[in-house]
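Asks: Pasting in a structure now, in structure tokens, and then I'll have a few things to ask.
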Amino acid sequence: MKTIHIPNGILHLNESNAVCPYCKRLMPFEDCEKALSNAFDKGRYTARKKCKCKRFIGITSDIRGDFVAYEL
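For the sequence shown, position 54 (counting from the first letter as 1) is numbered 37 according to the numbering used here, and the numbering increases by one without interruption.
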């Protein structure tokens, strides 16, 4: 988390990344966001995405809005 002091307060920035549980590769933020927003539009809370290691992983978000990847 990055903390930035601004004139009227403090701003906290958090970078959210999903990590493949098989190969430990970071999934691109744009891909995770797109897959999860499409799943939310269909009424689901998880998305299924294929990693570059050719395995499918599940992506969801926790209560803070961070992406979480898990084995399928």
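All C-beta atoms in this analysis are idealised placements derived from N, C-alpha and C, irrespective of residue type, glycine included.
So what's S44 in DSSP terms, helix, strand or just coil?
Replies: In this structure, S44 counts as strand in the three-state DSSP scheme.
Asks: Between which two residues does the beta strand (DSSP E) containing L(-4) stretch?
Replies: L(-4) -> beta strand (DSSP E) spans G(-8) to L(-4).
Asks: Which stretch, first to last residue, makes up the beta strand (DSSP E) that contains K32?
Replies: Counting along the chain, the beta strand (DSSP E) containing K32 begins and ends at A30 to K33.
Asks: How far does the alpha helix (DSSP H) with K17 in it reach, from first residue to last?
Replies: F12 to D24 is the extent of the alpha helix (DSSP H) around K17.
Asks: With C-beta atoms as the reference, is F50 less than 8 Å away from N(-3)?
Replies: No; because the gap between Cβ atoms is not below 8 Å, this pair is not in contact.
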